[in-house]
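Number of protein chains: 2
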Amino acid sequence: MQERGRQTRARLIEAMRRAIHDKGVSRASVGDVLKATGAKKGSLYFHFQDKDDLALAALNEAGEDFHDFVAEALSRGATPEEKLEAFFQEVLAQHSAKGFVGGCVFGNTSLEMADADARYAELMQDVFEDWAGQLAAVIGTAQEAGRMRPDVPARSLARQALATIEGGIMFARLSKSEQPLRETLETLWALLGAGDDSARAPRLTGASA
Amino acid sequence: MQERGRQTRARLIEAMRRAIHDKGVSRASVGDVLKATGAKKGSLYFHFQDKDDLALAALNEAGEDFHDFVAEALSRGATPEEKLEAFFQEVLAQHSAKGFVGGCVFGNTSLEMADADARYAELMQDVFEDWAGQLAAVIGTAQEAGRMRPDVPARSLARQALATIEGGIMFARLSKSEQPLRETLETLWALLGAGDDSARAPRLTGASA
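Below, the structure is given as structure tokens:
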């Protein structure tokens, strides 16, 4: 693909990501994307078969960016606990910065599309399993070092963290305050047995801290 | 209100509950309700100010029914652990019976309406806090009896259970299988320290059991 074609494709994807974030998959339209980019219809259908093709490409790219976001946050700490803590902190900071509006695009898309279209469901499963895999690697290292409870498999604890975080984001969106998400993360931290050696809570800063 | 008026009101609410369950609040319409009930427009607007008034009444009634559902499940066990186990079992059974389609109407409504309309957000908070209160009472009793971890407040553990269950339902909907929800409930059980005296997993039966 020519450089100009690549740029057009990238702009179409970016506009669809924005539309999905703002309105959800069902209400995001090809019209939104054409309006936002100024691209011609023929150009869009040169790059993408139909709206779903574009929406799935947009969500796939969002998933890749999220992979990098998780990896970057986890890379900040030296110990496994510090890595998890840095990730929790980033989750809180990101949603706090958005005023707890919009939530998690993967959670939103899951609830919206799980029953409607298997392609979206599969892609969301991939995103969550990738996320769980990254957390499980850190949790497994902490377990081996005797610094996190060893009686539940790392992958199960990682999936639990995901489920909890998605629920906590939902509660924070309802109250438009960080308190429910903060409480959820602090409780998760205690339940994982993280930092038990020093009996400390995770160091989470934020709007109300 | 006359008996006939009460019956009409109840039928309108029931039809709106169905529409919200099937399509979500935004897409559920007065037209759906009129079609399903055969009621006249004038009759609907005699009972309800507008669509939101009807939708909020429908969700409020769903919340009351859910309160009873939780109370009934918790009443089945003799000990606090058995009560929680019975509730987990009911959650798994209910969503399994629906083939993991549709999910939790309160979770769906929360994600759909949290940013759009504070009245829905407040009602959903009330439903979740009522649910958390019922679980917290059981967890608190278990803590006092030394049968559940005492280091995290019962209310925080209860909210954690809710967040986890909502996330677990989402994962089960993505895969259309009970495995993710079952794993979530079993992990939650271990994290709560429930049944630690016998080191047993919760007794959850279901489609794949």
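For the record, the sequence lines run as chains R and Y.
Just so you know, we're using the numbering used here here: the first sequence kicks off at 69 and counts up by one.
Just so you know, we're using the numbering used here here: the second sequence kicks off at 69 and counts up by one.
C-beta: ideal position from N, C-alpha, C; glycine also.
For R/Asp183, name the three-state secondary structure that DSSP assigns.
Of the three classes helix, strand and coil, the one that applies to R/Asp183 here is coil, per DSSP.
Whose C-alpha, out of Y/Gly261, Y/Ala258, Y/Leu253, is nearest the C-alpha of Y/Glu158?
Measuring from the Cα of Y/Glu158, the nearest candidate turns out to be Y/Leu253.
For the putative contact between Y/Glu246 and Y/Leu160, defined by C-beta atoms under 8 angstroms, what is the C-beta separation to the nearest angstrom?
With 8 angstroms as the limit, Y/Glu246 and Y/Leu160 qualify as a contact, their Cβ atoms being about 6 angstroms apart.
Here's a check: name, in chain order, each residue in its chain whose Cβ is nearer than 7 angstroms to the Cβ of R/Ala141, leaving out the five neighbours to either side.
So the qualifying residues of the chain are Ala154, Phe155, Glu158.
Out of curiosity, what's the CA-to-CA distance linking Y/Met181 and R/Pro248?
About 18 angstroms.
Can you pull the chain Y residues whose beta carbon is under 8 angstroms from the beta carbon of R/Met192, in chain order?
Correct list: Leu242.
Quick one: is R/Gln228 near chain Y, going by C-beta distance under 7 angstroms?
Taking Cβ atoms only, chain Y reaches closer than 7 angstroms to R/Gln228, which makes this a yes.
Please report the residue range of the alpha helix (DSSP H) in which Y/Thr76 lies.
Y/Thr76 -> alpha helix (DSSP H) spans 71-91.
Taking only beta-carbon atoms, is R/Ser164 less than 7 angstroms away from chain Y?
For R/Ser164, the answer is no, since every Cβ of chain Y falls outside 7 angstroms of its Cβ.
Residue range of the alpha helix (DSSP H) that Y/Asp120 falls in?
119-142 is the span of the alpha helix (DSSP H), which, as asked, contains Y/Asp120.
By how many angstroms is the C-alpha of Y/Glu197 removed from the C-alpha of Y/Trp257?
Cα-Cα distance, rounded: 20 angstroms.
Count the other CB atoms, across all protein chains shown, that sit within 10 Å of the CB of R/Val195; report buried if there are 16 or more and exposed otherwise.
Answer is buried; the Cβ neighbour count reaches 16.
In chain Y, what lies closer than 9 angstroms to R/Ser245 by C-beta?
Within 9 angstroms Cβ-Cβ: nothing; R/Ser245 doesn't reach chain Y, min ~11 angstroms.
Quick one: is Y/Glu212 buried, meaning 16 or more other Cβ sit within 10 Å of its Cβ, or exposed?
Exposed, by the Cβ-count rule.
For the alpha helix (DSSP H) that contains R/Gly236, what are its first and last residues?
Looking at the DSSP string, the run of the alpha helix (DSSP H) that includes R/Gly236 is 222-243.
Shorter than 7 angstroms from the beta carbon of Y/Val138 to some beta carbon of chain R?
No, Y/Val138 does not count as interfacial toward chain R.
Short of 8 angstroms in beta carbon distance, which residues of its chain neighbour R/Ile81, apart from the five on each side in sequence? Order them along the chain.
Result list for R/Ile81: Leu122, Ala125, Ala126, Glu129, in chain order.
Rounded to whole angstroms, what is the Cα-Cα separation between R/Asp118 and Y/Phe168?
Cα to Cα, R/Asp118 sits roughly 28 angstroms from Y/Phe168.
Give the secondary structure of Y/Lys109 by DSSP, where H, G and I count as helix, E and B as strand, and everything else as coil.
The answer is helix: DSSP assigns Y/Lys109 an H, G or I state.
With a cut-off of 8 angstroms on the beta carbons, I'd call R/Ile207 and R/Ala226 a contact; round off their distance for me.
With 8 angstroms as the limit, R/Ile207 and R/Ala226 qualify as a contact, their Cβ atoms being about 6 angstroms apart.
Is the Cβ-Cβ distance between R/Ala104 and R/Ala83 less than 7 angstroms?
In this structure, R/Ala83 lies closer than 7 angstroms to R/Ala104 by Cβ.
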